[in-house]
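Number of protein chains: 2
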Amino acid sequence: MTAPRGYRAGGVRAGVKRSGRPDLAAILSDRPTTGAGVFTTNLVRAAPVVVGERLLRATPANLRGIVALSGVANAMTGPEGISDTDAWLVASAEGLGVPTGTLLPACTGVIGPRMPLPKVLAAIPSLRGDLSRGADADARAAQAILTTDTRAKVAALRARLADGTVVHVGGIAKGSGMIAPRMGPPHATTLAFLTTDARATPEGLGELLATESDRTFNMVNVDGDTSTNDTIYLLANGAAGGRAAEKDASFRAAVGGVLESLARQVARDGEGATKLLTVAVHGARDLVQARQAARAVVSSTLVKAALFGADPNVGRIACALGYSGAQLDPDKLDVAIARPRHSVPLIVEGRPAPGLENGGGAKVRDLLHRLSEVTLDVRLHEGTAHATAWGCDLSFSYVQINAAYRT
Amino acid sequence: MTAPRGYRAGGVRAGVKRSGRPDLAAILSDRPTTGAGVFTTNLVRAAPVVVGERLLRATPANLRGIVALSGVANAMTGPEGISDTDAWLVASAEGLGVPTGTLLPACTGVIGPRMPLPKVLAAIPSLRGDLSRGADADARAAQAILTTDTRAKVAALRARLADGTVVHVGGIAKGSGMIAPRMGPPHATTLAFLTTDARATPEGLGELLATESDRTFNMVNVDGDTSTNDTIYLLANGAAGGRAAEKDASFRAAVGGVLESLARQVARDGEGATKLLTVAVHGARDLVQARQAARAVVSSTLVKAALFGADPNVGRIACALGYSGAQLDPDKLDVAIARPRHSVPLIVEGRPAPGLENGGGAKVRDLLHRLSEVTLDVRLHEGTAHATAWGCDLSFSYVQINAAYRT
């Protein structure tokens, strides 16, 4: 996140998390940035979502950074939640030395309680001291936004624009449970914060973020529950110079690439997950149907549980495709486990691949056991559209984590 | 199911289930019946769904009964699955002594393998011998259609029509996993078979079944996976005499009552379930939104896991309502646990009820621990529409059952 020029990041302990882990992060640009955001489409919206969207609408070209708090969602907190957020932003701007109204907020954690404002404000000086550049700073910020996540999520890419300018795109994310982002333009408790030193207009940045988050974060599903707090921010401070980059193919690919990497990391770290499940659908009639089909398979509770058990239960895959909403001819359906050299067929022309009818297939079972990342290649033979979705298996730990999240 | 006059039922072992439990059932009317059916809307449809729908379209007024097989779904079996079904029906009609083309088929079990026709045909004579009337016969038929279910599901009601005729409605059902029925008219591996001695036209029976299954079975969700095999059949043999009953309010209430009882039993016996969850939504703008809101809460993985842990995690309930698609003002939302004497508030005007903000509420926790059936009363204050949905909690056993269903 500090790979792009002109950004500093940090993360400290404000004492909001009972665990005592870092819970307050900031990303700051040393010059004004343009910004874009996509937010949850849930009608129950956390206070920082309401405030962040309002700020982006008011001053999308004069921002300086992001502050993020983990441990409380600041959702279902009514007008007090809004005023808490406003007070936090005013104090943060002053404490971090940037103008009021230039910081975007984000929160993640338990829904219901108000944010413990005194603790948060008291930690701002140490946060200011913590801000720096480099991989360690990125890691501290990435750590401080986690909740039930087991690992930090960081990605960065570099791109050479058509005019020769070299730009950088960096990002961090969190997300493990309550993950089924359906972010609207302005879409997204998945949090992701991206920075770039490219120059971009707010409108161009907004269109780019909406398009690429639709293809990436909105195709991740861990538990089907679309959070009250989902937020992605993208800041562009122009420190690399050159012209506005939002239409440049290399820049768009870099932003898309960072989003896709972070989205995969979120899916891989889904609550209790032991395996990443990627479903690539080919041959759908149109993009909407390709996405419906891919999402249905990664979202199926039965497919997820079978994957945890390394059970090549092909009927559950066909079943999920059948109710996905995508048009398909069941007698043409092909599904395989994608492998580097040759794929392993699971369904051939609508029938279980030989040996899999009765749950046989010891070889396929062994393969599923060994793989920590399983990619299903689905071919509908109805058209030319394709889409990819990311999810994870459903394990005993998932139930453990969520039956007693707060205790 | 044999409470209505003129029906016999039975269930025997054909050896299809590895467990050796009963797996072949029949319900027979001693005179021609009219019939109606609703079937899964999944595009991947089991052979008995295809054949049953075709039969109902061809001869809805000249039926004699239902044969049902558990252990194999007879789905993803291609043309062979259809011809296996046809052969099974021909042999069953002959063996049970009714005309060819008068029996409706249903299957449930593992997707993929073909039905072991020789075993099934060999069991028809013992099935014929097993057919009888009374609660024991109903129980044997109800047992023989179960898969991962832990208990048989039976219901019966009596109604007095406006013209004085007394009619009976009986039913059995199965369903535990792959339960998210979305049955079309003609909607539903939930199986439910209803019989009545009322007289009814096929069209009237079809409309009644579609309407009442929409309100009952289509509002049950165990795992979100809409099966390839869901089927509800309703047979009316007219043995009670009187006029066509389908418009009679008492008869409609009896059919609806039997369906609702069976639907609740299916939800209560969801795979691994320790608690039945009923969500009653009031004050929605319209029926569609009321159903969306109720379904979202019973379907939420996070709500289900919290319920297993007896955790009054009110944020997850609000979150599910927020993404349900129903219009709501988060600041007006009220949710309570319905109790016989006075309800226990969870959310009051969009905020956690006092004491529940930080996961406190030892009393509420104790209550949730004690209850085996939890009813949430949700008030949206947007209109006058209401709807009820049924589901269950998400337990360790659910994962256990589905990570190794076939092994």
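Protein chains in written order, with our numbering: chain D, 170 to 576; chain C, 170 to 576.
From the three backbone atoms N, C-alpha and C, an ideal C-beta is built for every residue, glycine too.
Item to complete: Please confirm whether C:R309 and C:P191 have their CB atoms less than 9 Å apart.
Response: yes
Worksheet entry | From C:A328, C:L445, C:S493, residue whose alpha carbon lies closest to that of C:Q461 | C:S493
Worksheet item: For D:A328 and chain C, any beta-carbon pair shorter than 9 Å?
Response: no
Discussion item. Is there a Cβ of chain C sitting closer than 9 Å to that of D:Y574, yes or no?
Written reply: Confidence at D:Y574 is low in this model, with a pLDDT of 48, below 50, so its placement is unreliable and no value can be given for it.
Worksheet item: Are the beta-carbon atoms of D:V466 and D:L445 separated by less than 9 Å?
Response: no
Discussion item. Suppose you measure from the CA of D:A367 to the CA of D:G441; what does that come to, to the nearest Å?
Written reply: 37 Å
Practice prompt. Would you mind reading off the limits of the beta strand (DSSP E) that contains D:A442?
Written response: Premise fails: D:A442 is in no beta strand (DSSP E) and is neither H nor E.
Worksheet item: When the Cα atoms are used, what is the spatial distance from C:T586 to C:S345?
Response: It is not possible to answer for residue 586 of chain C, since the shown part of chain C is limited to 170 through 576.
Fill in: Own chain partners of D:T171 with C-beta closer than 7 Å, once the 5 adjacent residues on each side are dropped
R177, A178, R302, G303, A306, D307, G339
Worksheet entry | Expected contact under 8 Å - CB spacing of D:A558 and D:A463 to nearest Å | So it is a contact: roughly 4 Å between Cβ atoms.
Worksheet item: With C-beta atoms as the reference, is C:P268 less than 9 Å away from C:N406?
Response: no
Item to complete: Closer than 9 Å by beta-carbon distance: list the chain C residues that pair up with D:I280, in chain order.
Response: N482, V483, G484, R485, A487, C488, P521
Worksheet entry | 6 Å Cβ shell around D:R433 - same chain, five flanking residues per side excluded | W559
Item to complete: Starting from D:P499, find everything on chain C with Cβ-Cβ shorter than 8 Å and list it in chain order.
Response: L212, V213, R214, M245
Discussion item. Going by DSSP, what residue range makes up the beta strand (DSSP E) through C:F362?
Written reply: 360 to 365
Fill in: Option in D:E249, D:V207, D:V389 with minimal Cα separation from C:D500
D:E249
Discussion item. Quick check: D:S293 and D:A342, are their CB atoms within less than 9 Å of each other?
Written reply: First, the amino acid is wrong: residue 293 of chain D is Ile here, not Ser. Not closer than 9 Å, so no.
Item to complete: Could you spell out where the alpha helix (DSSP H) holding C:I251 opens and where it closes?
Response: 247 to 265
Worksheet item: What's the gap between the Cα of D:I280 and the Cα of C:A328?
Response: 48 Å
Worksheet entry | When D:L272, D:V435, D:D455, D:D480 are compared against D:G586, the one with the closest alpha-carbon | The shown model of chain D, from 170 to 576, leaves out residue 586 of chain D, and the question about it has no answer.
Discussion item. Suppose the cutoff is 7 Å on Cβ atoms and the five residues either side in sequence are ignored; what does the same chain contact list for C:P282 look like?
Written reply: V241
Worksheet item: Can you name the start and end residues of the alpha helix (DSSP H) that D:P523 belongs to?
Response: No alpha helix (DSSP H) holds D:P523; DSSP gives it neither H nor E.
Worksheet item: Can you name, in chain order, every residue of its own chain whose Cβ lies under 6 Å from the Cβ of D:L537, other than the five neighbours on each side?
Response: A479
Worksheet item: Measuring CA to CA, which of D:R520, D:L330, D:C561, D:G524 is closest to D:D438?
Response: D:C561
Worksheet item: Thinking just about the alpha-carbon of each residue, which of D:T365, D:D399, D:L403 is nearest to the one in D:E376?
Response: D:L403
Worksheet item: Under 9 Å between the Cβ atoms of D:P173 and D:H337?
Response: yes
Worksheet item: CB of D:R421 to nearest heavy atom of the ligand HEM: below 8 Å?
Response: Ligands displayed in this structure: none; no statement on the ligand HEM is therefore possible.
Worksheet item: My guess is that D:L265 and D:G204 are in contact by the Cβ rule of under 8 Å, so how many angstroms apart are they, rounded?
Response: Contact doesn't hold; Cβ gap of about 16 Å is too wide.
Practice prompt. Just confirm the distance between the C-beta atoms of C:V448 and C:V547, as a whole number of angstroms; I'd bet it's less than 8 Å.
Written response: 6 Å
Practice prompt. Spell out a yes or no on whether the segment 250 to 258 of chain C and the segment 209 to 220 of chain C are touching, meaning 3 or more CB-CB pairs, one atom from each, closer than 8 Å.
Written response: yes
Item to complete: If I'm right that C:E232 touches C:A313 with Cβ under 8 Å, what's the distance once you round it to whole angstroms?
Response: Contrary to the premise, residue 232 of chain C reads as Leu rather than Glu in this sequence. By a beta-carbon distance limit of 8 Å, C:L232 does not contact C:A313. Their separation comes to about 20 Å.
Fill in: Those residues which DSSP pairs with C:G582 across a bridge
Since the first residue of chain C shown is 170 and the last is 576, residue 582 of chain C is not available in this structure.
Item to complete: Check the DSSP bridge columns for D:C276 and list the partner residues they point to.
Response: D:L238
Worksheet item: Looking only at DSSP bridge pairs, what is C:A215 linked to?
Response: Answer is none; C:A215 lacks a bridge partner.
Item to complete: Determine the direct distance from the alpha carbon of D:V450 to that of C:S468, and round the result to whole angstroms.
Response: 25 Å
Item to complete: Go ahead and label C:K186 buried or exposed: buried means 16 or more other beta carbons lie within 10 angstroms of its beta carbon, across all protein chains shown.
Response: buried
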